[in-house]
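Asker:
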Amino acid sequence: MSPTRKLVASGLFGIALGFAVLALASYVALRAELQRREAGAWLRHTIQVQNDLYQLYGLLQAAESGQRGFIITQDERYLDASSEATRKLPAVVDRLSERVRDNPKQLAIVAEMRPLLGERVEIINEAIADTRARRLDEAVQIVKSGRGKALMDRLHAIIDTMNENEQNLFDARERELNAAGGEFDAAVWAIGGIIFALAAFSFLNAQKQMNALQTSRDSLKTAYDQLIGETTRREALESQLRQSQKLEALGHLTGGIAHDFNNMLGVIVASLHLLRRKLANSSDDYIQLIDSAMDGADRAAAMVRRLLAFSRRQPLSPRPLDPNKFVSSVSDMVRRALGEKIELETVLAGGLWATKIDQHELESAIVNLAVNARDAMPDGGKLTIETANCYLDDAYASENMEVNPGQYVMIAVTDTGQGMPPEVLSQAFDPFFTTKPAGKGTGLGLSQVHGFVKQSGGQVKIYSEPGRGTCIKLYLPRFNQVEPPAELPLPRPRPLELPLGRPEELVLIVEDDDTARRVTAQGVRELGYSVLEAENGRAAIDIIRRRADIALMVTDVVMPDMDGARLAREAVFRRHSLRVLFITGYTRNAIVHNGVLDKDVKLLTKPFTLEQLAMKMRDILDSK
């Protein structure tokens, strides 16, 4: 063969070989590209499955949160998120089942999950139905039974298992993607200069997709971390909810007992005062016995008042108040309570806002805190009462139940005493819980402070560390005053003699308890008034229709059929000049709303003394 033919042949062979190499490289590149795309598609499929799992767990959390919000508040708006979540759950499960149809293991797990989801939704709907039917105890019991939590734990474990399986698939498919990329790079180097541009483009494109996948993976991890944080926060709120429900249940119990107990105390106190008045000139031994009985009744009444304060059912008379002037005025009283071994310091903020509060109850709260601080410093120490303006933001409100964000006046009482360990701190507001020896404390001091501040729309926080001391902060709502803050009133001088009435002044006593009515009527007659008695509201209306000369009606608030507030409205409608005095041992929403006494209402709480009754009646009858 001639050299030319050899050259041509060698050239053709080289060209053929080049085309063969190019075809092989193209085939290798094409095959690598197909493998990469398939691996990328499976990676996206895995991410979609994980997204569905996160969405499924989020919907369960939303349904459960909406149910609990509705149980707490009975506000139908909380059910919007719950209803939307339960509506979407079947579609998400169906979509998840469709995505994993090629994976028998995952498909079996989805089949196992379906009845558990249905059962959890049924428990949620059952609690909602009980709440709508006002069966709150049954609804709370469903939550406390733990069935829902057990199902959630099981579902969480199933979802975690599926996530782990998908993560394993993700890792395997990522390795396949990396291997396909290596083949593709080798093919690019073999093709040469022309294929180099295509190789560079493919590499950049592959790198871009890898970055996107990595970004997506990072986003999913961030979302998962946020979900864990939200779950932790909700667990803390659930703990607060359980504590709030416990205190609320105790409040209902104490409030219910207070009415009957105060009625009985009222009869005892009134009878003792009448007996003392009749035996005023008798033997001192009789008077001492009566005084001892009255002292015991007064202490029992004080305990009931503390129980009412804890249950947020005491009648409050809030007035605008300058907290700095208030702290200054009570400092002497606190100093006397502390004794000589404890130093008292007041730190008053400049430009302090006003608040609207019942100053007598606030004074009692501060003294209670001071006495507790004194007992925590048996060897002496320092007590600081501090005032400040503060703002409780949305973040604080989201972490503390029953707190509205806004501006507050803070009064902090800080001691350098023994402090409280966590197990004591968690029960500090529980009624009758005390660490003091028997006979040294009732365990009602802090619970009384807690109930009063909560009833006033405020917040109480305790910060304590064993061996370092305790700080109790009272947050009282700011009052944008349109009237000057009230000055602390001077104590009213006690009269030497009881203010008496006249026989022509006719008083109508309305009380459903026969014994209490009889004793009250006897006391009013003892004061010189003429008395008519009625056992209920209807009987009182009949008397008012017949008698136009009734000057004052003294009526119990809590009565069957017609309560005292409704009786007063109907009575005054018929006799515009009629004066009304309410007496009660338990204030419901008849004359007290949101813990505040209605305007122009005259109220005397049981048990009351004959002197208190005489002064109250005389004030009402003598007022214009």
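In this note's numbering, the protein residues as written are 692 to 1315. Even for Gly, the Cβ is constructed at its ideal location relative to N, Cα and C.
Nearest-angstrom Cα distance between D1233 and R1193?
Answerer: Position 542 of the sequence shown, counted from the first residue, corresponds to residue 1233. Position 502 of the sequence shown, counted from the first residue, corresponds to residue 1193. Near 24 Å, if we compare the C-alpha coordinates of R1193 and D1233.
Asker: Could you name the residues of the same chain whose beta carbon sits closer than 7 Å to that of A730, not counting the 5 residues immediately before and after it, in chain order?
Answerer: To locate residue 730, count along the sequence shown from 1; it is residue 39. Answer for A730: R864, E867, L868, A871, listed in chain order.
Asker: Contact check, N674 vs A1088 under 8 Å by CB: the rounded distance?
Answerer: It is not possible to answer for residue 674, since the shown part of the chain is limited to 692 through 1315.
Asker: Helix, strand or coil: how does DSSP classify P1184 here?
Answerer: Taking the sequence shown and counting its residues from 1, one reaches residue 1184 at position 493. At P1184, the pLDDT of 47 sits below 50, so the modelled position is not reliable; the number obtained from the coordinates is stated separately. Residue state, collapsed to three classes: coil.
Asker: For G760 and D766, what's the separation of their Cα atoms in angstroms?
Answerer: Position 69 of the sequence shown holds residue 760. Position 75 of the sequence shown holds residue 766. Distance between the alpha carbons of G760 and D766: 8 Å.
Asker: With 16 other CB atoms within 10 Å as the buried threshold, where does D1063 fall?
Answerer: Indexing the sequence shown from 1 puts residue 1063 at position 372. Here residue 1063 is Asn; the residue named in the question, Asp, does not match the sequence. N1063 is buried by the Cβ-count criterion.
Asker: Which residue wins for smallest C-alpha separation from E1224, given the options R825, Q917, E1202, R1236?
Answerer: Here residue 1224 is taken as the residue at index 533 of the sequence shown, counted from 1. Of R825, Q917, E1202, R1236, the residue nearest in Cα terms is E1202.
Asker: I need the straight-line Cα distance from L1258 to N1171, nearest angstrom please.
Answerer: The residue given as residue 1258 occupies position 567 in the sequence shown. The residue given as residue 1171 occupies position 480 in the sequence shown. Their backbone Cα atoms lie some 36 Å apart in a straight line.
Asker: At a threshold of 7 Å, does Q900 count as lining the ligand NAD (C-beta to nearest heavy atom)?
Answerer: Questions concerning the ligand NAD fall outside what the structure shown contains, since it holds no ligand whatsoever.
Asker: Could you spell out where the alpha helix (DSSP H) holding V812 opens and where it closes?
Answerer: Taking the first residue of the sequence shown as position 1, residue 812 is located at position 121. Segment 795-823, the alpha helix (DSSP H) holding V812.
Asker: So, do the segment 748-760 and the segment 785-803 have three or more beta carbon pairs nearer to each other than 8 Å?
Answerer: no
Asker: Could you give the uninterrupted runs of the alpha helix (DSSP H) lying entirely in the segment 1010-1049, keeping only those of 4 residues or more?
Answerer: 1014-1029
Asker: Let me know the alpha helix (DSSP H) ranges lying completely inside the segment 1208-1282, each 4 residues or longer, listed in chain order.
Answerer: 1228-1237, 1255-1265
Asker: Take T1296 as the anchor and find which of Q1109, V1248, A776, D1310 has the nearest alpha-carbon.
Answerer: On the sequence shown, position 605 is the one that residue 1296 refers to. Comparing Cα positions, the closest option is V1248.
Asker: If you draw a straight line from the alpha carbon of H847 to that of R728, how long is it in whole angstroms?
Answerer: Counting from one through the sequence shown, the residue named residue 847 turns up at place 156. Counting from one through the sequence shown, the residue named residue 728 turns up at place 37. Their Cα atoms are separated by approximately 33 Å.
Asker: Using a 10 Å radius around the Cβ and a threshold of 16 neighbouring Cβ atoms, would you call V1038 buried or exposed?
Answerer: To locate residue 1038, count along the sequence shown from 1; it is residue 347. With fewer than 16 neighbouring CB atoms inside 10 Å of its own CB, V1038 falls in the exposed class.
Asker: Run the CB neighbour count on T1107, radius 10 Å, all protein chains shown included, and call it buried at 16 or more, exposed below.
Answerer: Position 416 of the sequence shown, counted from the first residue, corresponds to residue 1107. So T1107 counts as buried.
Asker: Hey, how far is the Cα of T922 from the Cα of Y748?
Answerer: Counting from one through the sequence shown, the residue named residue 922 turns up at place 231. Counting from one through the sequence shown, the residue named residue 748 turns up at place 57. Answer to the nearest angstrom: the Cα atoms are 11 Å apart.
Asker: Who are the Cβ neighbours of P1112 in its own chain at under 7 Å, not counting the five residues just before and after it?
Answerer: Translated into the one-based positions of the sequence shown, residue 1112 becomes position 421. Only P1157 meet the Cβ criterion.
Asker: Output the distance between the C-alpha atoms of T1206 and V812, rounded to the nearest integer angstrom.
Answerer: Working through the sequence shown from its first residue, we reach residue 1206 at position 515. Working through the sequence shown from its first residue, we reach residue 812 at position 121. Distance between the alpha carbons of T1206 and V812 is about 54 Å.
Asker: Please confirm whether I1235 and L1272 have their CB atoms less than 8 Å apart.
Answerer: Residue 1235 sits at position 544 when you count from the first residue of the sequence shown. Residue 1272 sits at position 581 when you count from the first residue of the sequence shown. For I1235 and L1272, no; Cβs fall outside 8 Å.
Asker: Cutting at 7 Å between CB atoms, please list the residues of its own chain near L639, excluding the five before and the five after it.
Answerer: The requested residue 639 does not occur in the structure, where the chain is confined to residues 692 to 1315.
Asker: Could you tell me the boundaries of the beta strand (DSSP E) in which E1077 lies?
Answerer: Within the sequence shown, numbered from 1, the residue matching residue 1077 stands at position 386. From DSSP, the beta strand (DSSP E) with E1077 extends over 1072-1083.
Asker: For G837, count the other beta carbons within 10 Å of its own beta carbon; 16 or more makes it buried, fewer makes it exposed. Which is it?
Answerer: Here residue 837 is taken as the residue at index 146 of the sequence shown, counted from 1. Classification for G837: exposed.
Asker: Taking its Cβ as the centre, do 16 or more other Cβ atoms sit within 10 Å of K1047, making it buried, or is it exposed?
Answerer: Along the sequence shown, one-based indexing puts residue 1047 at 356. Buried.
Asker: How far does the beta strand (DSSP E) with M1101 in it extend, from its first residue to its last?
Answerer: The count along the sequence shown starts at 1 and reaches residue 1101 at position 410. M1101: member of the beta strand (DSSP E) spanning 1097-1106, first to last residue.
Asker: Comparing alpha-carbon positions, which option in T822, I800, A881 lies nearest T852?
Answerer: Walking along the sequence shown from the start, residue 852 turns up at place 161. The candidate whose alpha carbon is nearest that of T852 is I800.
Asker: E1156 lies in the beta strand (DSSP E); which residues open and close that run?
Answerer: As a working mapping, residue 1156 is identified with position 465 in the sequence shown. For E1156, the uninterrupted beta strand (DSSP E) run begins and ends at 1150-1156, by DSSP.
Asker: So, at 6 Å on beta carbons, what are the nonlocal neighbours of K1073 in its own chain, with the 5 sequence-adjacent residues on each side left out?
Answerer: Counted from its first residue, the sequence shown places residue 1073 at position 382. E1034, T1107.
Asker: Go through its chain and collect everything with a Cβ distance to T1300's Cβ below 7 Å, but skip five positions before and after it.
Answerer: Mapped onto the sequence shown, residue 1300 falls at position 609. Result list for T1300: V960, H964, in chain order.
Asker: Do you know how far the Cα of R1208 is from the Cα of V1245?
Answerer: Within the sequence shown, numbered from 1, the residue matching residue 1245 stands at position 554. Within the sequence shown, numbered from 1, the residue matching residue 1208 stands at position 517. The straight-line gap from Cα to Cα measures roughly 10 Å.
Asker: With distance defined between alpha-carbon atoms, name the residue in G1110, V1104, L1165 nearest to Q1098.
Answerer: As a working note, residue 1098 is residue 407 in the sequence shown. Checking every option, the nearest Cα to that of Q1098 belongs to L1165.
Asker: Please classify L770: does DSSP put it in a helix, a strand, or coil?
Answerer: By 1-based counting over the sequence shown, the position of residue 770 is 79. It is helical.
Asker: Rank L904, S1155, R1010 by C-alpha distance to the C-alpha of W733 and give the top, closest one.
Answerer: Here residue 733 is taken as the residue at index 42 of the sequence shown, counted from 1. Here the closest residue by C-alpha is L904.
Asker: Have a look at the DSSP bridge pairing and note the partners of K1164.
Answerer: In the sequence shown, the residue the question calls residue 1164 occupies position 473. In DSSP, K1164 forms a bridge with A1103, K1152.
Asker: Between which two residues does the beta strand (DSSP E) carrying L1295 extend?
Answerer: Working through the sequence shown from its first residue, we reach residue 1295 at position 604. Start and end: 1294-1296.
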